[in-house]
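Read the structure below first, then the notes.
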Amino acid sequence: MHASTSPTKQAESVAALQAEVDALQFTLGENEDSEKIVSRHIKLLHRYNESKDATQILIGRLASLKQTTVKQIHTDMELAGDD
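So in numbering that gives the first Met the number 0, spot 80 of the sequence shown is number 79, and the numbers just go up one at a time.
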């Protein structure tokens, strides 16, 4: 069961959302395409994740060669555990 909302409240909500969209568009820039920005960001995230995965494979191999743990390699190389 949905709560009913008065037409006035609905109009206020729509106006508030439109104001937020307008403010974000102003911040983004009038001639900027948000879909292109999001697409580029996703491509960069994929590239970052591929690089991170490759690095973790190399760290794993190094740990194996040194007969230690990946965690110890991270500690030895002062690598952040949260990234």
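All C-beta atoms in this analysis are idealised placements derived from N, C-alpha and C, irrespective of residue type, glycine included. These numbers were taken from a predicted model, which means no experiment stands behind them.
Exercise. State the DSSP-derived secondary structure class of Asp75, mapped to helix, strand or coil.
Key: As a position in the sequence shown, residue 75 is number 76, starting the count at 1. DSSP places Asp75 in helix when its eight states are reduced to three.
Next item on the list: State the start and end residues of the unbroken alpha helix (DSSP H) segment that holds Asp21.
Entry: Counting from one through the sequence shown, the residue named residue 21 turns up at place 22. Counting along the chain, the alpha helix (DSSP H) containing Asp21 begins and ends at Pro6 to Leu27.
* Asked: To which residues of the same chain is Gln24 closer than 7 Å at the C-beta, ignoring the five residues directly before and after it?
  -> Along the sequence shown, read from residue 1 onward, the residue named residue 24 stands at position 25. Excluding sequence neighbours, Gln24 sits near nothing in its chain.
Problem - Cα-Cα separation between Ser50 and Gly59, rounded to whole angstroms - result: As a position in the sequence shown, residue 50 is number 51, starting the count at 1. As a position in the sequence shown, residue 59 is number 60, starting the count at 1. Annotation: Ser50 to Gly59 spans about 14 Å, alpha carbon to alpha carbon.
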